[in-house]
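The listed protein sequences correspond, in order, to chains X and G. Residue 1 is where the first sequence starts when you use this note's numbering, and the numbers rise one by one after that. Residue 441 is where the second sequence starts when you use this note's numbering, and the numbers rise one by one after that. Working notes, beginning with the structure itself.
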Amino acid sequence: MLPLSNILIWSLAGVLFGAAISWIPGFHIFNIMALLVAVFGVGELIPVQAFPFFAVGAIVAYAYVSAISSVYFSVADESAVFLLFPTQRYLLLGRGHEAVLLYLIGAVAGTLVLVLGALFIFPKVLPPIYQATSPYITYFLVAIVLFMFMSEWPKEGDRGKTPLQRLWLAWRQILGGILVFFLSGILGFAVMNTNLLPTTSAYTRLTPMFIGFFGMSWVLLNILSNPPMLPQKLDDKVESSVYNTLKATFGGALGGTIAAVYPIITGGMGALVAGHITSQRGDDAFIISQGVNRVIYYVGAFTLLFLPNLRLTRGAAAWLVSSVYTPKSYAEYLAAIGVILLSAGISFLFTYYLSKLIARSFTVVHIRKLSYIVAVVLVVISYVLTGPMGVVVLFVSTAIGMMAAAFNTRRSYCLGGLVLPVLISMTGHTGEVMHLLGLG
Amino acid sequence: MRGFTHYISGLAAATFFPSLVADLRMGILLPVIAAAAAYFPDFMDFKFGKFFARRDYEIDPAPWDEKKHYAPKLVKIGELGEKNRYQFFAIEGKVEEILTRGSGTVTYTILNEKGEQETVEEEYNSIVFVLNDGTGKITVEAVGDDYKFFEEEFGQIEEGKEILVFGYVDVDEVEGGLRFVVSDAPHPQGIADTIARAIEEAYREGERIVKIHNIRLPGDVYRQFFVHLDPPKREVRVEMGPIVTPGGVAITDKPPEYRRYGIAKVNVPFIKTYPKPTRIDSFSGPEIAFRRAEFKGKTVVKDRFLPWHHGFSHSLTMGVIIGAFVYAIFKLLGYSHAGDLALASMIGQWLHVFEDQLGFMGSNLFPPITKDVIPGFKLGESGSGLTNFSTAWLMIAFMIWNFNRFTDPRPIPISDVKLLLLLIWPSIIGFGIAIVRSFKLRKEIAELMDYYTNIEAFEELEEVGGI
Chain X
1 MLPLSNILIW SLAGVLFGAA ISWIPGFHIF NIMALLVAVF GVGELIPVQA
51 FPFFAVGAIV AYAYVSAISS VYFSVADESA VFLLFPTQRY LLLGRGHEAV
101 LLYLIGAVAG TLVLVLGALF IFPKVLPPIY QATSPYITYF LVAIVLFMFM
151 SEWPKEGDRG KTPLQRLWLA WRQILGGILV FFLSGILGFA VMNTNLLPTT
201 SAYTRLTPMF IGFFGMSWVL LNILSNPPML PQKLDDKVES SVYNTLKATF
251 GGALGGTIAA VYPIITGGMG ALVAGHITSQ RGDDAFIISQ GVNRVIYYVG
301 AFTLLFLPNL RLTRGAAAWL VSSVYTPKSY AEYLAAIGVI LLSAGISFLF
351 TYYLSKLIAR SFTVVHIRKL SYIVAVVLVV ISYVLTGPMG VVVLFVSTAI
401 GMMAAAFNTR RSYCLGGLVL PVLISMTGHT GEVMHLLGLG
Chain G
441 MRGFTHYISG LAAATFFPSL VADLRMGILL PVIAAAAAYF PDFMDFKFGK
491 FFARRDYEID PAPWDEKKHY APKLVKIGEL GEKNRYQFFA IEGKVEEILT
541 RGSGTVTYTI LNEKGEQETV EEEYNSIVFV LNDGTGKITV EAVGDDYKFF
591 EEEFGQIEEG KEILVFGYVD VDEVEGGLRF VVSDAPHPQG IADTIARAIE
641 EAYREGERIV KIHNIRLPGD VYRQFFVHLD PPKREVRVEM GPIVTPGGVA
691 ITDKPPEYRR YGIAKVNVPF IKTYPKPTRI DSFSGPEIAF RRAEFKGKTV
741 VKDRFLPWHH GFSHSLTMGV IIGAFVYAIF KLLGYSHAGD LALASMIGQW
791 LHVFEDQLGF MGSNLFPPIT KDVIPGFKLG ESGSGLTNFS TAWLMIAFMI
841 WNFNRFTDPR PIPISDVKLL LLLIWPSIIG FGIAIVRSFK LRKEIAELMD
891 YYTNIEAFEE LEEVGGI
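What follows is the structure in structure tokens.
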């Protein structure tokens, strides 16, 4: 194992790196880490044994600091017909900083749950439970996808004049969601199973697709809408209760753990399941649980790579790191837990002060200007990682991401780009689908 | 209970069949049908039944702008009529004539903390003017707090000025014409009047179903309002609340008292079957059926919340039909474990019915043999986090337990009983707390139901001339 001082230095470097890029809308730590590895390589820039700790710092920073972009830079036009996220509503009410504080409460709670779990529960409980349930992962995955379709809440059926009109208005949204899922799935299938993108891209070949689904479509919505840049309050005050915080922590931890442990199940899917199980209600509880969920999902999933008696590779960052170096000892596992705590402290302060700064100067620069710059950078990232065809994939996936918004349906249906090809592969039907799509 | 709680019960039901678990291990994912069957009752009700349900009265306090999908709708003055009384709209036009500007005293009725009516007198400033938009003219009034807002928004109003105002439509009782009252919400009187009329008609005709739309405003927020049915006083009371987010966080105060309450008298006896006011805010407004029924030897009108919900889809009979259907389809498709899948699907649907029976609403369990809803066990409300979690955790525990005992060699090498106990203790504690709480809840509900089903109180008051 590396000397402790080296671990600290590289972890801090990771936190700084993660914090510096995670507040920018549309940027995802996994994509930027992939870019870093593709451009500079590991070994020359960072010692291979230090890379996991650098990654822990960066991922913890992302889990905290990304609250800034989701609160302040996902602003909604007040006239938008779309449903708004609670954080967007807080921003429209001038309470963006409060939303960040609620998220930070959740993130700190999530960090504590994760660290305590990693020290006392995961090593003993996770391996047998995982062993008993892992052969049935496809069952859980199909079940969650089917539930997403079945439980889509029709937002517009109520006001049709006739029963058939009401039914159509409701089902238009549901069918839109199904369409988005399958279009994403077909794109994901083509990206994964054909030479559409260069084979040299390896782990980064899905990057342009995800940038399009979630990053670029978000940035484009910021550009296309005309969001008001309203003055924000700076008070360090939140409206919530201990009960709501505890309930949200529990729900967020449950959803985050499900998503962290089981492959392909994302934080959003985990949150959907846990939200139902714990019957969550309230904007404050929702934002707190998001903080908990994202810390456990991103950081917890990556920590599993360090767990000596399980060593699960979960998430793009873990795959990237494990291709370079996989931690082997219990000492490295404990060191990673220490790094999580340290990084969380720094990330908390960084997010808090950055939120204050942005809230104070929120009306100075319009989100549109920043969004133009980010859009160009996202195209450049896609090009550098996967070449010109990557940019084509980026445009197609952006269109699909925009469709989800246009149908007023769940953005998470875009995860079909990952879920559908994996399901096809896990059930042994890749060849048939290739043939069906005329791809092989 | 919440949707996923039902759904996971179906997932768990399938794992009790070794043949289905073996199929899952081989990548045959058909057992997920059992989960779909468990969720089926709510799927049918909320994705189909709701839209086909009859609506005798449709109360839309604030019609949507068709493009923006929120209220207030911008309308032409010429389109407005008496049918729009108390509805919330926006109108745009030119100030043609200022009729009065000044102050005075206004008298109105409010409900105090005890729910009793109280008359309040208040000083106010006001402006009354005529607005013309080319399709017609209307008298616009801004009074009290709304005048303050109006003044802040438009400053000094002069004739010839173009303005866009929000408010509700009213009818001038003396002169008979329409007027437009500046406000940020509809007046609740229209809602109260319509519900009262529906109750009275139900008493005569047998049944009336009322659909109440919610009030969606710009920014995905909602004007909350409450419908109180008060059988002993034979009143329908509607109270406008604050603007809230879909998560229920209030972001404004309630409207001023002079347009916060709507009260309508009902001339027939009625009782309420759920002891809480109906709250309407985000997602969608409810349907309420008012049905003539016999109660304690008297003819009354009973309410039924969401009459399209917990019908045939939530019966054990439906479970049998689902089982038979699944069996027939998968037998035809040649699935070798069609029988087990059908049983798992039937049990999944039955679990849904049973779980809902733990709440308040209850279901008609054996139609067509039984005709009426069997009331729920009142263990907790459907949205209770405790009962939802306890049930869902129990199902997760069953799944892990079944996966372990149907795998050879067992991944968790301990006895079945010990493993089950290790897994289900959070649910046992959760249900324990829920049962203890339910005693208190039932007592509270019993007290409230004494009030809500007290049809004698009104009659006694009538006899002594109290009304």
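From the three backbone atoms N, C-alpha and C, an ideal C-beta is built for every residue, glycine too.
Rounded straight-line distance, which links the Cα of residue j to that of residue i
| i | j | result |
| --- | --- | --- |
| residue 649 of chain G | residue 457 of chain G | 44 Å |
| residue 80 of chain X | residue 409 of chain X | Its pLDDT being 42, under 50, residue 80 of chain X is placed unreliably in this model, and the coordinates cannot settle the point. |
| residue 604 of chain G | residue 530 of chain G | 7 Å |
| residue 210 of chain X | residue 133 of chain X | 28 Å |
| residue 586 of chain G | residue 629 of chain G | 18 Å |
| residue 432 of chain X | residue 480 of chain G | 31 Å |
| residue 708 of chain G | residue 668 of chain G | 16 Å |
| residue 212 of chain X | residue 527 of chain G | 43 Å |
| residue 793 of chain G | residue 757 of chain G | 10 Å |
| residue 88 of chain X | residue 588 of chain G | 29 Å |
| residue 155 of chain X | residue 171 of chain X | 10 Å |
| residue 106 of chain X | residue 740 of chain G | 51 Å |
| residue 887 of chain G | residue 710 of chain G | 18 Å |
| residue 379 of chain X | residue 206 of chain X | 14 Å |
| residue 400 of chain X | residue 876 of chain G | 50 Å |
| residue 36 of chain X | residue 22 of chain X | 14 Å |
| residue 521 of chain G | residue 354 of chain X | 54 Å |
is_contact[residue i, chain G] using C-beta, thresh 8 Å
| i | result |
| --- | --- |
| residue 427 of chain X | yes |
| residue 362 of chain X | no |
| residue 286 of chain X | yes |
| residue 178 of chain X | no |
| residue 257 of chain X | no |
| residue 79 of chain X | Reliability of the predicted coordinates at residue 79 of chain X is poor, the pLDDT of 44 falling under 50, and the value obtained from them is presented with this limitation in mind. Answer yes: the Cβ-Cβ gap between residue 79 of chain X and chain G drops below 8 Å somewhere. |
Contacts around residue i, its chain only, beta-carbon distance under 6 Å, and the 5 residues preceding and following it disregarded
| i | result |
| --- | --- |
| residue 371 of chain X | 219, 222, 223 |
| residue 692 of chain G | 682, 683 |
| residue 160 of chain X | 166, 169 |
| residue 102 of chain X | 238, 284, 287, 288 |
Residue-chain proximity (residue i, chain X), Cβ-Cβ < 8 Å
| i | result |
| --- | --- |
| residue 660 of chain G | yes |
| residue 770 of chain G | no |
| residue 908 of chain G | A query on residue 908 of chain G cannot be resolved here, the shown segment of chain G reaching from 441 to 907 and no further. |
| residue 487 of chain G | yes |
| residue 653 of chain G | yes |
| residue 877 of chain G | no |
| residue 881 of chain G | no |
| residue 873 of chain G | no |
| residue 458 of chain G | no |
| residue 524 of chain G | no |
| residue 852 of chain G | yes |
| residue 783 of chain G | no |
| residue 724 of chain G | yes |
| residue 449 of chain G | no |
| residue 832 of chain G | yes |
| residue 504 of chain G | yes |
| residue 685 of chain G | yes |
Contacting residues, own chain, Cβ-Cβ under 7 Å from residue i (five flanking each side not counted)
| i | result |
| --- | --- |
| residue 828 of chain G | 441, 442, 445 |
| residue 19 of chain X | 61, 65, 347, 350 |
| residue 122 of chain X | 307 |
Own chain, CB closer than 8 Å to residue i, minus 5 neighbours either side, in chain order
| i | result |
| --- | --- |
| residue 523 of chain G | none |
| residue 98 of chain X | 90, 233, 235, 237, 238, 239 |
| residue 278 of chain X | 247, 250, 251, 254 |
Check your understanding: Counting only runs that start and end within the region 577-658 of chain G, where is the beta strand (DSSP E) found for 3 or more residues in a row?
Key -> 577-583, 602-611, 618-622, 647-652, 655-657
Review point. So, do the region 306-322 of chain X and the region 270-281 of chain X have three or more beta carbon pairs nearer to each other than 8 Å?
Key: no
**Study point:** alpha helix (DSSP H) runs contained entirely in the region 128-155 of chain X, provided each spans 4 or more residues
**Key:** 137-150
Practice item. Would you check if the region 721-737 of chain G and the region 573-583 of chain G touch, i.e. whether three or more CB-CB distances between them fall below 8 Å? Key: no
Exercise for review: Enumerate, from N- to C-terminal direction, the unbroken alpha helix (DSSP H) stretches of 4 or more residues contained entirely within the region 466-524 of chain G.
Suggested key: 472-484
Practice item. Could you tell me whether the region 406-423 of chain X touches the region 185-195 of chain X, where touching means 3 or more Cβ pairs closer than 8 Å? Key: yes
Review point. How about the region 278-297 of chain X and the region 140-150 of chain X: do they share at least three Cβ pairs that are nearer than 8 Å?
Key: no
Review point. Is the region 745-754 of chain G in contact with the region 798-807 of chain G, if contact means three or more CB pairs nearer than 8 Å?
Key: yes
Point to revise | alpha helix (DSSP H) segments (min. 4 residues) lying fully within the region 742-823 of chain G | key: 756-772, 778-797
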